[in-house]
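Chains as they are written, first to last, in the UniProt record's numbering: chain A, 1 to 410; chain B, 1 to 410; chain C, 1 to 410; chain D, 1 to 410.
Every residue, glycine too, gets a C-beta built ideally from N, C-alpha and C.
Just so you know, these numbers come straight off a predicted model, no measurement behind them.
Protein chains: 4
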Amino acid sequence: MSTTTPRNALRVALIGTGFMGRAHAQAWRTAHRFFDLPREPQLAVVVGRDPERTAAVATEFGAEGWSTDWRAVLARGDIDVVDICTPGDTHAEIATAALEAGLHVLCEKPLANDVAEAEAMVVAADAAAAASGAVSMCGFSYRRTPALALARRFVQEGRIGEIRHVRAQYLQDWLSDPDAPYTWRLDRERAGSGTLGDIGAHSIDAAQWITGDAIIGVSATMQTFVETRPVLGEQVGLGGRAAEGAARERVTVDDAVAFTARFASGAMGVFEATRLATGHRNSNRIEINGDRGAIAFDFTRMNELDYYDAADDAGAQGFRRIQVTEAEHPYTAAWWPAGHGLGYEHLFTHQVVDLVRAIAGDGAAEPGFAEAAGVQRVLAAVERSAHDDCRFTPVEPAPTTPSREKEHLP
Amino acid sequence: MSTTTPRNALRVALIGTGFMGRAHAQAWRTAHRFFDLPREPQLAVVVGRDPERTAAVATEFGAEGWSTDWRAVLARGDIDVVDICTPGDTHAEIATAALEAGLHVLCEKPLANDVAEAEAMVVAADAAAAASGAVSMCGFSYRRTPALALARRFVQEGRIGEIRHVRAQYLQDWLSDPDAPYTWRLDRERAGSGTLGDIGAHSIDAAQWITGDAIIGVSATMQTFVETRPVLGEQVGLGGRAAEGAARERVTVDDAVAFTARFASGAMGVFEATRLATGHRNSNRIEINGDRGAIAFDFTRMNELDYYDAADDAGAQGFRRIQVTEAEHPYTAAWWPAGHGLGYEHLFTHQVVDLVRAIAGDGAAEPGFAEAAGVQRVLAAVERSAHDDCRFTPVEPAPTTPSREKEHLP
Amino acid sequence: MSTTTPRNALRVALIGTGFMGRAHAQAWRTAHRFFDLPREPQLAVVVGRDPERTAAVATEFGAEGWSTDWRAVLARGDIDVVDICTPGDTHAEIATAALEAGLHVLCEKPLANDVAEAEAMVVAADAAAAASGAVSMCGFSYRRTPALALARRFVQEGRIGEIRHVRAQYLQDWLSDPDAPYTWRLDRERAGSGTLGDIGAHSIDAAQWITGDAIIGVSATMQTFVETRPVLGEQVGLGGRAAEGAARERVTVDDAVAFTARFASGAMGVFEATRLATGHRNSNRIEINGDRGAIAFDFTRMNELDYYDAADDAGAQGFRRIQVTEAEHPYTAAWWPAGHGLGYEHLFTHQVVDLVRAIAGDGAAEPGFAEAAGVQRVLAAVERSAHDDCRFTPVEPAPTTPSREKEHLP
Amino acid sequence: MSTTTPRNALRVALIGTGFMGRAHAQAWRTAHRFFDLPREPQLAVVVGRDPERTAAVATEFGAEGWSTDWRAVLARGDIDVVDICTPGDTHAEIATAALEAGLHVLCEKPLANDVAEAEAMVVAADAAAAASGAVSMCGFSYRRTPALALARRFVQEGRIGEIRHVRAQYLQDWLSDPDAPYTWRLDRERAGSGTLGDIGAHSIDAAQWITGDAIIGVSATMQTFVETRPVLGEQVGLGGRAAEGAARERVTVDDAVAFTARFASGAMGVFEATRLATGHRNSNRIEINGDRGAIAFDFTRMNELDYYDAADDAGAQGFRRIQVTEAEHPYTAAWWPAGHGLGYEHLFTHQVVDLVRAIAGDGAAEPGFAEAAGVQRVLAAVERSAHDDCRFTPVEPAPTTPSREKEHLP
C-alpha cells in the first residue's frame, strides 16, 4: 500500500463552540478535500469557556486539543489563524490581540458591537498587515452562497444594468412565540444589537457587495415586540422551550428592524429583518431590479437564482430559475454534477477556501475589516435614525486609514 | 318557446373609456349573470371626451348609448348609478354633482388627488345619504380578490393572531424602459401622484382592510428615476413605444415610493410601490405575520393564498398553498368547480355585486368615501414625510363628519 | 345621446344547462365585447331537459328564450349555431340533426362515446360542409389557454427542437372521498368512459396539438378504485355530499387511467388522468422536452408557461416563468395590461372567437370533427390496451373521408 | 492544552474513485462529526484502477493510503468495511469476496447488473451474516433525504391513508445534446442498463420504501434516442464535450424508460426516467396520493416536502411546503438550526450513520441485499415488458433464502 503525504499545514485556533463554531469547524475540516488549496488547514485547538462543552466540540470535529484560555492559545507559537466565533462584545479584544501576535484572523460578523470598536479593529488589521503580513477577514458567509456570488457576477457583467431597486428581507421566526427562551443574542451588552446586527447585517453586506454600491443614508425603525423572555439556563443553539413559570429576562435588543436606504448610485433600498416572521425559518431574500434585468433570491432555496433578462425576445420574457449547481457557477465545480445542490455549511467551506488562498497571496481576503466596518457604520446609521424619529440619516464616512488611503491612490 | 323576463333594472352611467372603464363595463354586464342580485344592472350610457372612442366603447360593451357630456347625463333622470373611471383630478367634481343629483356613486381610487377634495367628497356623500339614501363606494378592487378576502377572513377568525408584520410590495415594470411613453398617469395635475396613488394606494387599502387595523404614521421616501418621457399622442392603455426623436414631457410624479409604517396595534409595516421593477408586470404582494399564523399573496397568482398555521403539528408545519376557488371561499361559489381559477376582471364583477347589494340595503358599500379618505390621508402623510427628510409623520386624524360620528355612537 | 347599433347577428341555440352549458353561455355573451368579430353572437335559446332549471339558466344568461325540445329548436329556422353541451351519449344524434339542418355546430368533447359514432359525425360534418358550408368544431377548450397556444407557437418556431418527451397529467380529486356522490359522469352508458374521456381526452388533444405530432400507439392501464357511490338525486355540478345511508350506485367507468404512448416522430409520451389525486383540484399539467428547449405548464397557474431555452448562455440557463398576459401572446392583447391574468371561462370565450371567425371564413374551425375523431381513436386504443394486458396497441388509422382525402391532395 | 482521544475505529476500504467514490469518501469523513456513532469511521484505503487518480483521491480525502488491488486490500486484515462504488458489472465479485472475508459491505446501487447476480449476492450476504455477523447494505442513498424519510414517516403514521397513486419521474438532461460524450454508463456490459438502472432504480426503491408497498407488475417501454456518442478518452464525471470529429461509440443502453406499475395494495404507479429531459439537471420527483393526504417532492428542492392533509378545515386546505430542516425531522437535528438546508452529499453521510449503527447492532442495515435484489427484479420485469410489446409483466417472486424465510417466521 502507498501512503498519502500531508501538505503544508495551516494551523487554526477556533474560538467559540456554539452554532457558528461548529459550522466553522466543519469548514476547516472540509475545504481542502474539495478545493485545491495552497495550504492544508488543521484544526489545532478549540477554545471555549465551558471545559466540558469545549472538549466535546474539539472531539466532535477531531481537533488536536482544546482550551478555555484564548490568550494562552495565542501565545503558543504554533497557531497560524485565529477564527473568532464568539459573541460580538469580545471580537475587538480577541482580534486585536491575535493581530498583534502576527496571526491571521477570521472574525464572525458583525465585526464589532459599535463603530468605535470596529474602527479600532481596522487600525489593528492595517498595522498587522504592514508589520507581519497578517490577513484579516470578516465572516459575511452569505457572500459565499453560489447563487449570490452569481448575482454579483451578473451585476458586474452588466446583465442587470443600472440598478434602481434593492429589496432585502431577512425573515426568521424563532422568536415568534412570546415564550421562546432568552439567549445572549437578546442582550445588548453581548450582542450589540438584536436582529439588526445578527441578520440585518447580512442583508446590508449582501446588498452592497452584489451591487458594488454603497448605502449612503437610511431612514429606519426598530421594534421589540416581546419585552421579556423566560430563562433556560445555558442556551447554546436557537430554539428550545422554557419550563412553566421560569424567570424572565428583559430583552434589550430589537426584535425587528426596517429601513429604506439610498445608495450612492441613486438606487432605492428597502430592508427588513425580523425574528418574528411566523412561518419563515430562515428566509434571507434579496431582489434587485435594474434597467436591463433583475435577480431574486431566497435562501430557503439557496441553490436557485431567479434571473430576468429584459433583452429576451418579447413574448418569451420571464424570470429564469437557474439551478446554481453547474461547472460555470461560482464554487460549484468543486462539488457534484449539475443539479446536485449544496447546503448551508458549504458557505463556510467556501469562506475558508477564499481565506486560505488570500493568506497564500492568491486574491484578497474579502470583506476585510475596513469593509466590514462599513457595514457597522450602516448599522449605526440605522440605530441613529430609529432613535431620531426615522429621519434620513447619512452613513458616516469612513475615517482615513492606511488601507483605505491605499485604495484611493492611482 | 318560452321567453325570459327582465328583472328590476339598475341603470348605470359609466364615465371613462380607458383601461378602467372597460373593466367596469364588463363587470356591469356580468355580475347578474353569476350572482343572484336584487337589481339587474343595465349599462345605459358610456361617457367620454373623445366621441369616436366613446362610441366605440359603448358599442363594444353593448351600452344603450354614449355621450361626451357627463353633466347632461346626470340630468337625464333615468340614471341610478354613476360609475367614475376618470383620472383623479375630476373625481370630486363629478362625484359631488352625482350625489347632489341623488345618484349612487362608484368612484375609482384613489378617491381624489388630495385630502381636502376627498373630505369634501365625504361630506357630499354623507349629505346625499341623508337626503336621498344615495350609496357611495370607492373602487379598491383588490378587496374583491377571493384570496385577499380569504386573508381578511382568516385574520377575523383569529387564525393569524396578533399581527406583528405587514409587508406589501406593488411591483410593476411598464416604466422600466426610460423610453416608455408619457401618459396622463405621469402628470401630477391629473393623477395627483404617481406610483403612490396609483398602486401604492391599493397596498395601503389592502393592508388596512385585511388587518382591520389603521396605519397611524409613516416614514417615507419617493423617487423619480426617469425625469422625461417621449410623447405618443393620445395614450389610452399602458405600454406602447414612441417614435425616435419624439418630444419628451417632464414627469411630475414619483416613479417609486417606499415607506415604513406603524399600525395602531403596534404592528410594523413595510411598503414599496414602483413601476420600474424590471421583470414584474403586476406583482401586487402582501405578507402578514402574526403570532398564530401568517399569510402571503402575490397577484400574479391571484387564485392562491399561502397560509401558515403555527398550530399545525411540529414537523408538519409549512405554508399551505390554498387554491382559492372553492365553494367555501369568498365569491367563488358563483363561478366554476374548485380548481378553475378566476381572472383580473372578476374583481370588478365582485365589486359590482357588493355595490348592487348595498344599494338594495343588503350590506354596506365598502369602502365608503370616509374610509377611502382615510387612505388619502395615509397618502398625504407619505408625501409629507418624503418631503421632510423621511421623518416619521403621523397620519392626520379624520375630521368629525356625520358618518364618522355615527360609527362611534353606541 | 347617441345610440349604439347592433351588428350582424349570429344566433345560437345552447343545448345543456350544466357546468359546461354555463361556461359556454358566458362565452357567447362576452366574445364580441373584447374581440372584433365579423358577426355578433346572440344567445337565442337555451335547451335542457328540466323546464325549471332551463328557464333559470336562460334568464341567468339573458337568452331570449328556452325550450326542452331540441328538435323543435333546430326546426325554428332562426338559428345559426347549435352548441352541444350535453353528455356524450347524445352528441352524435344532436350534431347530425343540426348539420343536416344546415346549422353550424360546436360540440363538447369528447366528440362521442365511441369511434363509430365519432366517424359517423365526421361523415355528417363533411356532408354538411359540402352541402351548406356548415362549420363544425369540437370543444377542446384547453387549446384556447393562452399559455398552451404559446407552447404550440414555440414548438412551431423551432424553439423546442426535436421533441423527445411529452408527459401529461390531468389530476383532479373530486372523487377522492369514497363517499363523493354519484353523477352521470360515472355511468358508462352516458359518459362513454370516465376519467379517460372526460379529462384524459384533454391531455391527448393538447399533446397532439402542441407538438403537431400524432400518437400512434399506446400501452394502457385503467382502474376503478371506488366501486359504488351514494346517490344524491339530480346532480348538476361536481362535488356535494350524500346523506348517511343513501343508496349507492355502481360506478361503471374508470377512476384513473395511465398510459405510455409512442408518437409518429418517435417521441415518448407518458399520460395519467385521475379524479382521485387528493390535493389536486384541477391540475392539468403538460411538459415537453426537445433537443433545443422545453416547456412546462400547470393549469392551476394558467397564466404562466415555463420555458427553457437550451441556447441561453451557459451558467444562465433555467426555466423562465413567462406570464402569458402580454400583447405578444395569443388572445391576450384583447384583454388587460400585461400581468393581469385571465380565468377559466376565458378559454370558452376564445373558443367562440375562433369559431365565429371560422364561420365567417376567417381561419379553420379547429379541431374539426375529423381531428376530434382522431382523439377518439386514441381513447379507443387506450381502452383496448387496458383490456389486453396493457399490450402496445396501435391507434387505428382514420378511415378515408372526403375531408381527410382533401388534406392529402397536393 | 488538553488533547482529544480517538474513539473505537471502524476501518473502511473505499473501492471506486469516481463521482460516487468521492461522495462516499466525504461521508465517511463526516458522519461521526455530527452524529453520535458507536464507532468512528477511518478511511483506511482508497482503491482504484488508475494509480495516479487513486492516489489523488486518497490524498484529497485524507485516506491513509491507496491501492489498485482490491483483493490484496481485502486480505490485509485491518479492514472492517468494504464500500463498493464501482460500475455494476463488478459488484457481485467484490461484494462476495468481501463477505466471504467476513467484512461488512456497502454496495452502490443497483445491486448488480442482473437478477441472477443479485440473488447470488443475497446468498453470500446471508451466509456471511450467519458465519461472521457481517452486515451488508445497498446504497439507495435517496432514502436518506430527510424529506423522503419524512414522507415515509407520514405514510406510516397514516397521514396519507390508503394509497391510490404513485407517480415518480427522474429527469436529467446531461445526454440531451446528441454530442454529449460517451461514458461507461452507456455500455450495457458495464452498466447493466442505462437510465433504468442508474436513476430509474432510485425511483423504484423510493416508491416501495416510502409506501411500504411492493410493485407486483409493470408495463414498460424503453427507448434510445441517440444511437452513438463521441468518445472523450477516460471520462470520470458527467458532462464534458468531445472534440469535433471524435470517434463515436455505440450506445447499448436505454436513454429513457417509462412504465406503469401495479402495487400489491392496488395502488397505481406511473414511472419515468430519462437523461434527455432538457432543462432538468437532476429532478428526482415523487408524488403520492392517498385517501387522507398526499405528498410531493422534487430533489431540486431537496429540503422541502409538500404535504396535503385532507382533514384540514374546508376552505383552508392546500399543499403545505414543509422545510424539512427541523429538530423533529429525520436526520436534521444533528445539523443546523431550522431553515438552514442540507445538500446532496448529506445523503451519503446519513447512509454511513445508519450503516455504522447497524454494524454496532443498533438498527437494521436497510436496504439489505435481499431488498435491493427486489428492486433488481422490478428492473428485470421492466426490461422484459419493454421487449414483449409493453405487456403487463409480473415481477418475479423472490426465491426462498434464509433471510427471507426468517422474515416470515412468527
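Short CB-CB distance (under 8 Å) between residue i and chain D
i, result
"I322 of chain B", "yes"
"Y307 of chain B", "yes"
"A147 of chain B", "no"
Local conformation of residue i per DSSP, three classes
i, result
"A296 of chain C", "strand"
"G290 of chain A", "strand"
"T30 of chain D", "helix"
"G197 of chain D", "helix"
"V231 of chain B", "coil"
"F271 of chain A", "strand"
"D354 of chain A", "helix"
Alpha-carbon spacing of residue i relative to residue j, whole angstroms
i, j, result
"A58 of chain D", "M20 of chain D", "14 Å"
"E383 of chain B", "A220 of chain B", "7 Å"
"I182 of chain D", "F271 of chain D", "The amino acid occupying residue 182 of chain D in the given sequence is Tyr; Ile does not appear at that position. Each residue's Cα considered, the two are about 25 Å apart."
"R164 of chain C", "P367 of chain C", "24 Å"
"Q42 of chain C", "I79 of chain C", "10 Å"
"V276 of chain A", "L196 of chain A", "Note that residue 276 of chain A is Leu in the sequence shown, not Val. When rounded, the distance between both Cα atoms is 13 Å."
"P146 of chain A", "T401 of chain D", "49 Å"
"A92 of chain A", "A191 of chain A", "13 Å"
"Q26 of chain C", "E108 of chain C", "15 Å"
"W70 of chain D", "V356 of chain D", "22 Å"
"M268 of chain D", "D173 of chain D", "27 Å"
Residue i at chain C interface by Cβ criterion, 8 Å
i, result
"E60 of chain B", "yes"
"V236 of chain B", "Low confidence applies to V236 of chain B: its pLDDT is 44, below 50, so where it sits in the model is not reliable, and the reading given next is rough at best. False, the Cβ-Cβ gap to chain C never drops below 8 Å."
"G341 of chain A", "no"
Proximity test, Cβ basis, 8 Å: residue i and chain B
i, result
"P181 of chain A", "no"
"R281 of chain C", "yes"
"F19 of chain C", "yes"
Buried/exposed call for residue i, threshold 16 Cβ in 10 Å
i, result
"G266 of chain A", "exposed"
"H387 of chain C", "exposed"
Test item: CB-CB of residue i and residue j under 8 Å
i, j, result
"P110 of chain D", "V353 of chain D", "no"
"V45 of chain C", "G77 of chain C", "no"
"S283 of chain C", "F263 of chain C", "no"
"T228 of chain C", "V251 of chain C", "yes"
"A95 of chain D", "V81 of chain D", "no"
"H24 of chain A", "F348 of chain A", "yes"
"residue 411 of chain D", "Y344 of chain A", "Because chain D spans 1 through 410 in this model, residue 411 of chain D falls outside it and cannot be assessed."
Interface flag, residue i vs chain A, CB-CB below 8 Å
i, result
"H165 of chain C", "no"
"A310 of chain C", "no"
"G290 of chain B", "yes"
"residue 415 of chain D", "As shown, chain D starts at 1 and ends at 410. That puts residue 415 of chain D outside it, with no answer to give."
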